[in-house]
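One structure is given here, and the rest of the page talks about it.
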Amino acid sequence: MAPQRVPWIYMFLALVLLLHALSPSGALRNYPENEVTLLDSMSALADLGWTAYPNEGWEEISVMDERNTPMRTYQVCNVMEANQNNWLRTRHISREGAQRIYIEIKFTLRDCNSLPGVPGTCKETFNMYYYESNNVNLWFIKESQYVKIDTIAADESFTQVDVGDRVMKLNTEVRDISNLSKKGFYLAFQDLGACIALVSVRVFYKKCPLTVLNLAQFPDTITGGDTALVEVHGMCVNASEEFEPPKMYCSADGGWLVPIGRCVCKPGFEENKDVCQPCRPGTYKASATDAFCTKCPPHSSSPQEQADECICEKGFYRAESDPRSMACTRPPSAPENPISTANETCVTLEWSSPRDTGGRGDITYSIQCKKCFGEAKKCTPCGSSVHFVPRQFGLSSNTVLITELQPDSTYSFIIESQNGVSDLSPIPRGTVVINVTTSQTVSVVLKERRSKDSVTLAWQGPERPNGAIVEYEVIYYEKNQREQNYTVLKTRSNMMTVDGLKPGTTYVFRVRARTDGGYGSYGGEIELETSHEDVLAIGDPNQSTILVVSITGGIVVFVFLVTCFVVSSSLGVRPPSIVDVSLPLLAPSLHLIAFRHCGYIKAKQDPDEEKMQFQHGRVKLPGSRTYIHPHTYEDPNQAVRDFAKEIDASNIRIERVIGGGEFGEVCSGRLRVQGKREIYVAIKSLKAGYSDKQRRDFLSEASIMGQFDHPNIIRLEGVVTKCKPVMIITEFMENGSLDTFLKKHDGQFTIIQLVGMLRGIASGMKYLSDMSYVHRDLAARNILVNSNLVCKVSDFGLSRVLEDDPEAAYTTRGGKIPIRWTAPEAIAYRKFTSASDVWSYGIVMWEVVSYGERPYWEMSNQDVIKAIDEGYRLPAPMDCPVVLHQLMLDCWEKSRSDRPKFGQIVTILDKLIRNPASLRELAKSLVCSEDPSSPEFSVSTVDEWLDAIKMGQYKENFSSSGYVSLDSILYISVSELVKMGVTLAGHQKKILSSVQSLQTQGTHIQV
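Here's what the structure looks like:
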């Protein structure tokens, strides 16, 4: 028997239609763009064709709404009989790849209490199920195979039919099912005895819609099956390319989150509202990392669109190594104002820079040498016998010393200027020619005039002197002294009487002339012996004149020596050793001063000495600055205002997180400065919930960095303090920390590149030291590297300032110390100076050459402290040059005063860079014993001796100063070491100690 239906069901349907009329159909169908509808019963153009069983249960009703739009609903109201089980099943619904599906149902439900005569089995809920299947044409599904989604109850149920009072309510419920894996599913509704009308059933899934961000397009993406984010990689739009792989995450609710990476416009294109457009004529963009097209540099143009480089004008060029933003340049003109100074068989050439540099600063000079013969002055190349100091080609300075020339000869020197584009130009290079004649020797003859304590000499001048003769120079010494003590005399006459000699003693005399062009060469040695009796005539008319000159010269020398001593003491520099100083004020001669030396050397004043001034007991150069510690300010915020620029937060674009620090995250991004191009920056932010002290400590680093301006110190761009979060903005270093960078590129650099990195670090530390600033935590991890391998000192959180006293040290109380990088005195007494920074620099050198290896390997901190105290020092890393390891050992001298200064370290590294051959000898290949008393210490030349004591970097210094035989070094002094450029106290001690050992162990020298 069919179940009995209630007679008011048709009025119920009319009310549903009326309710639908009150809600315009268009509004129901306006769905969000991130939702994709799989089924919408309101949009069906024909019968839904859902399956209902039993047949007496759910019933499909089709009517027209007020816009004549078909509307189909299902209803059931078999409430008069108990044990109802009415099912309504949809057709197969394809999930289209979605793992999570949403079901939205709109329905009305009658309150059972409002139905008179209905038994107590009436329900006010119904159930919703689903069944997954790959089969799209199932006609029967068992009830047990369905998976229950939920029991649906109405928030509002109606009790009477009173449309005018709008008491009728439409319920909307949304449920979801997830982790679907088959092609699709069937949806089913179960009625157990309720009075229901299904007005609308919509099945949909969510997606993240197609979008373009940072020049990357992200496609429509279906959300995940659970709350996990879906990672999506973007594709660069039109004329752009990846700068960093762009990606975003699609959230479960269909929203895009966490943009990472970006695309940039290719060379020749610039960004404009998420589109790359070509550069206009007259502009260019050379690199994808540049933000905008820029105007062509001088002497170049771009006649067409989309230019990535501007073409140079005729006669102008751009070198291969020049950046494309550089103006086109041309070769320089010829050098100007050449000057030559001849000194025996040596010639010094000097010249002025070209009037037209071609717009470049990389001007170098080359020297061509030709020797000319005969009256016709036919010239031929000089050959390899002539030496140029510092070099013949690629000179950066405007002076060169040419040695090993032949006396009484004419030479023609061609000075050529060139720059980075000279090889690109067909025009001959700018040259200037200067002719020089080397000096002749002086012929000495003995005049028949001698006594037991004097000798008279006479000589003839050169036949063809190189200019007017200014004076003659005479040197003499006792024959058995072997030039260890000699005397220098000068006169304008062609004769001289030398007094004050020992009776019956043989002397060696040599004479040379000085002209406007310089000194000539010495004549041959003349040996003369004084008599045993006085036969000298009295009343020589020249004696009074010579006496006056002698007294005047003596006073001048005395004043000079006193001045040198006072200045040297004031500067804290030990005065040079003067041996055998003679001032015979009453002797009728020109006897000025005698040195323990093998030749006459004229003192040369350092031009910087005239610029020095004394401040607070310390020597300061004009324009030098002293670091001001932020803690000296009563208001620390004032220090930030004084030294750090405030940046508007709207000009900063944060792009990605690159690390974390003590105070918060470290990100990279871009800084937009008005009137300038965008630059990449690093951004340190202060985490939320900070205290006032944390804010002061955080910003103190900015007030420290803001005082520094050096290419090897990390540059502060500014701070953000007027809004949250508080930020410190610095330049961005693409390659990160030096230790990590070296480990990543182990063995990939040449030794010259490594020395260049070390030179940059030393230059930055010299700058800090000159500002009386102590870093305290110098290590490879605190050195940052940019894309050009430029190393910059960073991390100023632990730094301290020196007091006015140069020997003062900052004493800490407590705190952690990086043991492996810290000097012994800083560990033991917590005293830090620039000398302790030098120790740390030596460890950094070891880290660099070993490509980021951990100092002292796995030794504990206590073992490291004990080993250092017992004299242990790190051995040379693999493939480490001898000179670099020796410099490390110098930095690790136990006594602070024996360690080199940073300025000296920079000078040493510069010499190594200019002379790469000095880096060829590796520490592991050294076979000579460093101990001069060892039987293995057997050397035959000065160069071998210097190599044996690990002082090979001074070979050129010794050679150019005349020390070419082992005999000549046996009586060398500290003053002479200083003159030849050996200024490090530790190196001086090592050389003099070796010399003393050679004097006592002379049998070990093979001559």
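If you number the sequence shown the way UniProt numbering does, the last residue is 1007 and the count never jumps.
The beta carbon of each residue, even a glycine, is placed where N, CA and C say it ideally should be.
Item	Value
Give the secondary structure of I538 by DSSP, where H, G and I count as helix, E and B as strand, and everything else as coil.	The predicted model places I538 with a pLDDT of 33, which falls under 50 and marks its position as unreliable; any figure quoted below should be read in that light. Residue state, collapsed to three classes: coil.
Checking 8 Å against the spacing of the C-beta atoms, do A44 and E124 come in under that value?	no
What is the rounded straight-line gap between the Cα of Y519 and the Cα of L401?	14 Å
Assign S397 to one of three DSSP states: helix, strand, or coil.	coil
Taking DSSP as the reference, what is the three-state secondary structure of E936?	Low local confidence applies: a pLDDT of 43 at E936 is under 50, so the model's placement there is unreliable, with the coordinate-based value given in what follows. It is coil, neither helix nor strand.
Does the stretch 322-336 come within contact of the stretch 381-397, defined as at least 3 CB pairs closer than 8 Å?	no
Entirely within the stretch 714-750 and at least 4 residues each: give me those alpha helix (DSSP H) ranges in chain order.	738-744
Work out the CA separation of L946 and L405 for me, nearest whole Å.	28 Å
Just to check my reading of the structure: A823 and I817 have Cβ atoms closer than 8 Å, yes? What is that Cβ distance to the nearest angstrom?	Actually they do not touch by this definition, with Cβ atoms about 10 Å apart.
Using a Cβ-Cβ cutoff of less than 6 Å, which residues in the same chain neighbour C880 once the five nearest sequence positions on both sides are dropped?	V849 and A923
So for I105, helix, strand or coil by DSSP?	strand
For the alpha helix (DSSP H) holding N435, just list the boundary residues, first then last.	From DSSP, N435 is part of no alpha helix (DSSP H) but of the beta strand (DSSP E) over T431 to T437.
Apart from the five residues on each side of it in sequence, which residues of its chain come closer than 6 Å, Cβ to Cβ, to H987?	none
By Cβ distance below 6 Å, which residues in the same chain neighbour G903 in space, the five residues on each side in sequence not counted?	K766
Look at I149 and I105 and say whether their C-beta atoms are less than 8 Å apart.	no
Helix or strand or just coil, what does DSSP make of K990?	helix
Looking only at its own chain, which residues have a Cβ that is under 6 Å from the Cβ of K479, when we skip the five neighbours before and after it?	T506 and V508
Which residue or residues does DSSP assign as beta-bridge partners of M71?	V63
Going by Cα to Cα distance, which pick from N485, L528, W459 and E525 is closest to A513?	W459
Starting from the C-beta of I913, find all residues in its chain whose C-beta is less than 8 Å away, skip the five residues before and the five after it, and write them out in chain order.	I752, V755, G756 and R759
So what's K955 in DSSP terms, helix, strand or just coil?	helix
Return the bridge partner residues of G659 from the DSSP annotation.	V666
If you compare alpha carbons, which of A52, M248, Y476 and Y522 is closest to L528?	Y476
Cβ of residue 1040 within 8 Å of Cβ of V726?	Any answer about residue 1040 is impossible in this case: the structure gives the chain only from 1 up to 1007.
I'd like to know if the stretch 193-212 and the stretch 92-102 are in contact, where contact means that at least 3 CB-CB pairs between them fall below 8 Å.	yes
For G664, which residues from the same chain have a beta carbon less than 6 Å from its beta carbon, with the 5 sequence-adjacent residues on both sides left out?	S685, L686 and K687
State yes or no: is the C-beta of residue 1028 within less than 8 Å of the C-beta of N34?	The displayed coordinates of the chain run from 1 to 1007. Any statement about residue 1028 would go beyond what the structure contains.
Could you give the DSSP three-state label for C112: helix, strand or coil?	helix
Is D642 helix, strand or coil by DSSP?	helix
Are three or more beta carbon pairs between the stretch 210-223 and the stretch 129-149 nearer than 8 Å?	no
By the three-class DSSP mapping on this structure, what secondary structure does V79 have?	coil
Contact between the stretch 256-273 and the stretch 227-237 is defined here as three or more beta-carbon pairs at a separation below 8 Å; is this criterion met?	yes
Taking 7 Å as the limit between beta carbons, can you name the residues of its chain near Y317, skipping five residues before and five after?	C328, T329, R330, V421, L424 and S425
Going by DSSP, what residue range makes up the alpha helix (DSSP H) through V844?	S834 to V849
How should W857 be labelled, buried or exposed, when 16 other C-beta atoms within 10 angstroms of its C-beta is the threshold for buried?	exposed
With distance defined between alpha-carbon atoms, name the residue in A342, S412 and S409 nearest to I469.	A342
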